[in-house]
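Asker: Here it is: the structure, laid out below.
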Amino acid sequence: MANVVMYAKTTCPYCHRARALLDEKGVQNLELILIDRDPSRRPEMIERAGGRTTVPQIFIDGQHVGGCDDLMALERAGKLDPLLAA
Numbered sequence: 001m002a003n004v005v006m007y008a009k010t011t012c013p014y015c016h017r018a019r020a021l022l023d024e025k026g027v028q029n030l031e032l033i034l035i036d037r038d039p040s041r042r043p044e045m046i047e048r049a050g051g052r053t054t055v056p057q058i059f060i061d062g063q064h065v066g067g068c069d070d071l072m073a074l075e076r077a078g079k080l081d082p083l084l085a086a
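Residue numbering for the sequence shown follows full-length UniProt numbering, starting at 1 and increasing by one per position.
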């Protein structure tokens, strides 16, 4: 299964929704970076996400897939499972 990195905040409902989908998909290799607990990681997130400043920002095997809405769109299009299976 793919390695997933998600930049998030503890109180963000979109982060919780994205995490729930990843948990539902059985993602084992999830690195959760909480930028509200470690604000020094926020500039790293912005740089990796091409200037995006909102959370969550999700990366699957190093590929930026976007935020919660982007993750849900991948799921609806049937493209999330192949990314996670890589």
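Virtual Cβ for every residue (Gly too), placed ideally from N, Cα, C.
Would you kindly work out how many angstroms separate the C-alpha atoms of D81 and K25, rounded to a whole number?
Answerer: Taking the straight line from one Cα to the other gives about 8 Å.
Asker: Determine the DSSP secondary structure at A18, reduced to helix, strand or coil.
Answerer: The answer is helix: DSSP assigns A18 an H, G or I state.
Asker: Find out if the Cβ-Cβ distance for the pair Y7, P43 is shorter than 8 Å.
Answerer: Cβ atoms of Y7 and P43: not closer than 8 Å.
Asker: Tell me, please, which residues DSSP counts as bridged to G66.
Answerer: I58, per the DSSP bridge assignment.
Asker: Indicate whether V4 and I58 have their beta-carbon atoms separated by less than 8 Å.
Answerer: Yes. Within cutoff.
Asker: Alpha carbon to alpha carbon, how far is A73 from S40? Give it in angstroms, no decimals.
Answerer: Approximately 30 Å, taken between the alpha carbons.
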